[in-house]
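Chains as they are written, first to last, in my numbering: chain S, 172 to 284; chain D, 2 to 111.
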Amino acid sequence: EAQVTQNPRYLITVTGKKLTVTCSQNMNHEYMSWYRQDPGLGLRQIYYSMNVEVTDKGDVPEGYKVSRKEKRNFPLILESPSPNQTSLYFCASSLRPPPDTQYFGPGTRLTVL
Amino acid sequence: DAKTTQPPSMDCAEGRAANLPCNHSTISGNEYVYWYRQIHSQGPQYIIHGLKNNETNEMASLIITEDRKSSTLILPHATLRDTAVYYCIVRVSGTYKYIFGTGTRLKVLA
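Next up, the structure:
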């Protein structure tokens with residue numbers, strides 16, 4: 172089944188403890204992206220990747236890192252999480268860059284205490 | 002900067018057409034308008050996109066004004082399962098960044 176998977180789906184952590192949220196797609200998509208969603212602010216793009224080893228900042232990249240070493244995986248790294256990074260995170264992918272349709276993962280709910 | 006503006010909420014009677022407006026007055030001439038929806042806190046789901054001409058698929062129709070400054074998503078026969086937040090999205094010209102905005106919460110009433 173064609174899908175975007177994220178792990179973990181739920182995570183509670185403490186300030187400063189490094190964490191990684193994984194994202195994987197099985198559709199051989201070139202474009203991948205991370206978003207965060209906060210009440211009243213909608214979805215905001217954090218980082219995106221056009222292909223392997225090609226990444227760029229979205230609207231709200233501060234405090235996040237990404238890597239794209241393989242086409243199927245696009246992990247989101249929080250080196251030193253802070254409470255303002257408590258949010259719902261979505262990974263998405265598309266076969267090619269825009270205007271191709273994006274397929275979203277199920278989301279990861281992160282709480283930083 | 003690219004930006005979209007949508008009403009925060011709308012109601013629609015079941016079986017009637019739902020018309021969801023979006024203002025994107027700063028859109029560049031070669032940028033598409035996309036519509037996605039999100040049910041509860043699930044991942045957003047693609048609905049439709051368009052550039053200049055009106056578009057229709059099995060889910061919805063998209064009407065784009067001639068000046069491209071606004072568009073309307075039409076769900077022709079809304080059902081209770083169409084209750085969701087609908088996002089009108091544009092890409093920032095010259096980049097591959099998307100701007101989602103805060104969306105319209107559509108409630109379909111029985």
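Even glycine gets a Cβ: it sits at the ideal position worked out from N, Cα and C. Here the structure is a predicted model, which is why all the values come from computation and not from measurement.
Per DSSP, the beta-bridge partners of Y206/S are Q216/S, F261/S. The secondary-structure analysis by DSSP pairs S195/S across a beta bridge with T176/S, N244/S. Flagged as an interface residue toward chain S: S42/D, by a C-beta distance shorter than 9 Å.
A distance below 6 Å between beta-carbons, with the five flanking residues on each side excluded, links L214/S to the following residues of its chain, in chain order: Y206, Q208. Looking at the DSSP output, V283/S bridges to T184/S.
Per DSSP, the beta-bridge partners of I100/D are V91/D. The C-alpha of T5/D is placed about 17 Å away from the C-alpha of L107/D. CA-to-CA, the gap between I64/D and N20/D works out to about 10 Å. The Cβ of T282/S sits no closer than 9 Å to any Cβ of chain D. Flagged as an interface residue toward chain S: Y35/D, by a C-beta distance shorter than 9 Å. M60/D and N54/D have their C-alpha atoms roughly 17 Å apart. Short of 8 Å from the beta carbon of M11/D, and not among the five residues preceding or following it, lie these beta carbons of its own chain, in chain order: A19, L21, T105, R106, L107, K108. Secondary structure at L81/D: helix, using DSSP grouped into helix, strand and coil. Annotation for I75/D: the continuous beta strand (DSSP E) segment containing it runs 71-76.
Secondary structure note for D227/S: its beta strand (DSSP E) is the uninterrupted segment 225-228.
Our two residues, L190/S and L266/S, have alpha carbons roughly 28 Å apart in a direct line. For a cut-off of 8 Å, the C-beta gap from C194/S to L249/S is around 14 Å, too long to register as a contact. Contact annotation: in the stretch 80-98 of chain D, residues whose CB is within less than 8 Å of a CB in chain S are Y88, R92, T96, Y97, K98. Residues of the stretch 238-272 of chain S that bring their beta carbon within less than 7 Å of a beta carbon in chain D comprise L259, F261, P268, P269, P270, T272, in sequence order. Along the stretch 51-71 of chain D, the positions whose C-beta sits under 9 Å from a C-beta of chain S are L52, read in chain order. In the three-state reduction of the DSSP assignment, P22/D falls in the strand class, which pools E and B. Closest in C-alpha terms to S258/S, from the list R239/S, M203/S, T184/S, S264/S, comes T184/S.
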